[in-house]
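S.K.:
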Amino acid sequence: MTKRSIINSGTAQNPSNQKTAIFALTLKGAELAVRISARIPGSACLCNYRYALPGMTFFQHISEVFPSAWRECDSIICIMSCGIAVRMVSALLEDKTVDPAVVVVDQDGRFAISLVSGHIGGANELARKVARITGGQAVITTASDLQDKPAIDLAAKSAGLLIENSGMLSRIQAAILDEEPLWIFDPDGLLLKHLPTDHGLRAIDADGEPGVLRSGLGIWVSELLSPRSVRCLKLRPANLVIGIGCNRGTASEEIIGFIGKKLKENRLAPLSIKHFATMDIKSNERGLLDAARAFDRPIHFYARKEIEGIAVPNPSETVARHIGAKSVCEASALWSAGTKALLVPKRKAGNCTLAVARVSSP
Numbered sequence: 001m002t003k004r005s006i007i008n009s010g011t012a013q014n015p016s017n018q019k020t021a022i023f024a025l026t027l028k029g030a031e032l033a034v035r036i037s038a039r040i041p042g043s044a045c046l047c048n049y050r051y052a053l054p055g056m057t058f059f060q061h062i063s064e065v066f067p068s069a070w071r072e073c074d075s076i077i078c079i080m081s082c083g084i085a086v087r088m089v090s091a092l093l094e095d096k097t098v099d100p101a102v103v104v105v106d107q108d109g110r111f112a113i114s115l116v117s118g119h120i121g122g123a124n125e126l127a128r129k130v131a132r133i134t135g136g137q138a139v140i141t142t143a144s145d146l147q148d149k150p151a152i153d154l155a156a157k158s159a160g161l162l163i164e165n166s167g168m169l170s171r172i173q174a175a176i177l178d179e180e181p182l183w184i185f186d187p188d189g190l191l192l193k194h195l196p197t198d199h200g201l202r203a204i205d206a207d208g209e210p211g212v213l214r215s216g217l218g219i220w221v222s223e224l225l226s227p228r229s230v231r232c233l234k235l236r237p238a239n240l241v242i243g244i245g246c247n248r249g250t251a252s253e254e255i256i257g258f259i260g261k262k263l264k265e266n267r268l269a270p271l272s273i274k275h276f277a278t279m280d281i282k283s284n285e286r287g288l289l290d291a292a293r294a295f296d297r298p299i300h301f302y303a304r305k306e307i308e309g310i311a312v313p314n315p316s317e318t319v320a321r322h323i324g325a326k327s328v329c330e331a332s333a334l335w336s337a338g339t340k341a342l343l344v345p346k347r348k349a350g351n352c353t354l355a356v357a358r359v360s361s362p
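Counting from 1, one number per residue, gives the positions in the sequence shown under my numbering.
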């Protein structure tokens with residue numbers, strides 16, 4: 001195999017920077033790969049060295065390069081038998097929320113089979129696109145498509161919602177297919193606006209209908225934690241900005257523990273954190289940087305002149321004397337979230353301070 005990267009970087013024709021690997025094992029397959037690649041921006045063809053055409057990346061054994069494509073690409077098109085494709089992907093499968101889309105195509109282009117990550121990964125739509133290119137037939141086996149029922153994982157992806165407990169997806173989707181009663185707690189309509197009007201879900205008020213919550217199965221769409229006894233799929237909007245401050249040299253463990261404790265006390269899901277915010281004088285504070293990494297979220301730094309005029313409920317003259325602004329955590333959270341109200345005002349413990357603001361559009 002050549003030394004160059006499997007997939008080239010994004011171009012003007014591929015602004016989303018989506019990456020697709022197209023594998024072929026025969027000469028006819030290689031020719032078909034070229035046809036498909038010409039219609040799919042951000043794609044690259046990889047072929048067995050015996051049949052590789054000019055410009056293709058070649059390999060001796062597909063097992064040597066397939067794992068790299070799996071890690072690097074958003075989707076993979078396999079021009080080969082389903083048996084070979086299944087053997088390639090079986091050891092790499094992790095979860096439908098992170099696996100790339102995999103479509104299998106015969107070398108004549110008669111069938112494009114959605115094999116892995118049909119909904120959330122986009123394999124169903126990719127299979128349809130490949131079938132249009134080859135003049136063949138897309139083979140879709142997901143029940144929600146066949147029965148014209150809403151696919152919750154696809155709707156969640158469209159809504160920009162994060163799935164906290166993906167193991168519940170299949171149970172919820174089965175209930176939809178079998179027309180079992182399901183409730184949905186979605187106070188902001190984040191998921192509902194991406195579902196058909198005849199979705200069949202019972203929208204509820206969590207405080208007003210605790211009996212329904214505890215006795216049935218449902219979907220919880222909120223940054224708020226659901227009651228413990230509730231059986232539900234948890235979908236989280238990334239809508240929380242955590243304004244954070246600390247004394248110089250505060251240990252990472254103290255900051256991480258403080259954040260987790262305050263989120264729990266206020267019934268807020270860590271997965272709903274959009275990013276952290278603080279002043280730029282803290283940009284080299286290892287504890288804050290480690291905390292952002294621990295929660296797998298970015299941290300944004302703001303200059304004093306950006307936040308010093310922000311009205312906050314708990315200004316501090318002591319803070320003003322040290323850094324020139326009357327607030328760090330509250331002002332940073334409000335400024336970064338683009339709002340004037342705090343969801344959680346300043347909380348302090350030990351060497352740390354925290355405030356939470358909610359962005360209007362996650």
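C-beta atoms are modelled at their ideal positions from N, C-alpha and C, and glycine is treated no differently.
Beta-carbon within less than 7 Å of R214's beta-carbon, same chain only, minus the 5 sequence neighbours each way: which residues are those?
M.R.: For R214, where only same-chain residues beyond five positions count, the Cβ hits under 7 Å are S229, V230.
S.K.: Cβ atoms of K28 and Q107: under 8 Å apart, would you say?
M.R.: Yes, Cβ-Cβ distance for Q107 and K28 is below 8 Å.
S.K.: Relative to the C-alpha of D99, which residue among S316, M80, R321, P67 is closest?
M.R.: Of the candidates S316, M80, R321, P67, the one whose C-alpha sits nearest the C-alpha of D99 is P67.
S.K.: If we require 3 or more residues per run, which beta strand (DSSP E) segments fall completely within the segment 16–66?
M.R.: Entirely contained in the segment 16–66, the beta strand (DSSP E) runs reaching 3 residues are, in chain order, 20–24, 43–48, 57–59.
S.K.: So, is A44 buried or exposed, given that buried needs 16 or more other C-beta atoms within 10 angstroms?
M.R.: A44 should be labelled buried.
S.K.: Runs of 3 residues minimum, wholly inside the segment 233–257: which ones carry the beta strand (DSSP E) assignment?
M.R.: Correct list: 240–246.
S.K.: Excluding sequence positions up to five away, which residues of its chain have a Cβ less than 6 Å from the Cβ of A331?
M.R.: For A331, where only same-chain residues beyond five positions count, the Cβ hits under 6 Å are I307, I310, V312.
S.K.: Where does the unbroken alpha helix (DSSP H) through S83 begin, and where does it stop?
M.R.: According to the sequence displayed, residue 83 carries Gly and not Ser. G83 -> alpha helix (DSSP H) spans 82–90.
S.K.: Could you give the residue range of the alpha helix (DSSP H) that holds V130?
M.R.: 123–134 is the span of the alpha helix (DSSP H), which, as asked, contains V130.
S.K.: What are the start and end residues of the beta strand (DSSP E) that includes G218?
M.R.: From DSSP, the beta strand (DSSP E) with G218 extends over 217–221.
S.K.: For Q107, does the three-state DSSP call read helix, strand or coil?
M.R.: Residue state, collapsed to three classes: coil.
S.K.: Taking 8 Å as the cut-off, does the segment 332–352 touch the segment 240–249 (at least 3 CB pairs, one atom from each stretch)?
M.R.: Yes, they touch.
S.K.: Report all residues from its chain with a CB closer than 7 Å to the CB of A52; omit the five preceding and five following residues, and keep chain order.
M.R.: Taken in chain order, the residues that qualify are A30, F58.
S.K.: From which residue to which residue does the beta strand (DSSP E) around H300 run?
M.R.: Here the beta strand (DSSP E) through H300 covers 299–302.
S.K.: For N389, collect the residues of the same chain with a Cβ closer than 6 Å to its Cβ; drop the 5 residues on either side in sequence, then sort them by chain order.
M.R.: It is not possible to answer for residue 389, since the shown part of the chain is limited to 1 through 362.
S.K.: Please tell me whether V116 and C78 are closer than 8 Å, where the distance is taken between their beta carbons.
M.R.: For V116 and C78, no; Cβs fall outside 8 Å.
S.K.: Have a look at A69, A112, L169, E223 and flag the residue whose alpha-carbon is nearest the alpha-carbon of S272.
M.R.: Residue E223 is the option with its Cα nearest to S272.
S.K.: Specify the secondary structure class of K348 as computed by DSSP and reduced to three states.
M.R.: Three-state DSSP puts K348 in a strand.
S.K.: Out of curiosity, what's the CA-to-CA distance linking A127 and F111?
M.R.: Taking the straight line joining both Cα atoms gives about 9 Å.
S.K.: Excluding five sequence neighbours on each side, which residues of the same chain lie with their C-beta closer than 7 Å to the C-beta of P187?
M.R.: Same-chain partners within the cutoff: S222.
S.K.: Find out if the Cβ-Cβ distance for the pair L289, I281 is shorter than 8 Å.
M.R.: Result no, Cβ atoms of L289 and I281 do not sit closer than 8 Å.
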